[in-house]
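Please read the structure below before turning to the comments.
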Amino acid sequence: METNIKHEDTVTRVMEALESIRPFLNKDGGDIELIDVKDNQVFCKTFG
């Protein structure tokens, strides 16, 4: 159970970080999408 909470917290923190940089990416015609978080590795897809 604690592992799920830690994973959810990590995903939330990563999404908050991505949201904070998204306006800068959008301004330049780009974007970013969170694909997954596995074993403390973040997988994202970038656009633009």
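Letter 14 of the sequence shown, counting from 1, is numbered 12 in the working numbering, and no numbers are missing. Don't be surprised by glycine CBs; every beta carbon is placed ideally from N, CA and C.
*Looking at Val35 and Thr10, is the spacing between their C-beta atoms short of 7 Å?*
Taking the first residue of the sequence shown as 1, we reach residue 10 at position 12. Taking the first residue of the sequence shown as 1, we reach residue 35 at position 37. The answer is no: Cβ separation not under 7 Å.
_Cα-Cα separation between Val40 and Ile33, rounded to whole angstroms_ = One-based indexing of the sequence shown puts residue 40 at position 42. One-based indexing of the sequence shown puts residue 33 at position 35. Spanning the two alpha carbons is a distance of roughly 8 Å.
_For Glu17 and Asp26, I'd like the C-alpha separation in whole angstroms._
Counting from 1 along the sequence shown, the entry for residue 17 is found at position 19. Counting from 1 along the sequence shown, the entry for residue 26 is found at position 28. Going from the Cα of Glu17 to the Cα of Asp26 covers about 15 Å.
*Have a look at Ile30 and Lys4 and give me their C-alpha separation to the nearest angstrom.*
Against the sequence shown, residue 30 aligns to sequence position 32. Against the sequence shown, residue 4 aligns to sequence position 6. Straight-line Cα distance between these residues: approximately 23 Å.
*Which residues mark the beginning and the end of the beta strand (DSSP E) in which Asp34 is found?*
Working through the sequence shown from its first residue, we reach residue 34 at position 36. Counting along the chain, the beta strand (DSSP E) containing Asp34 begins and ends at Asp29 to Lys36.
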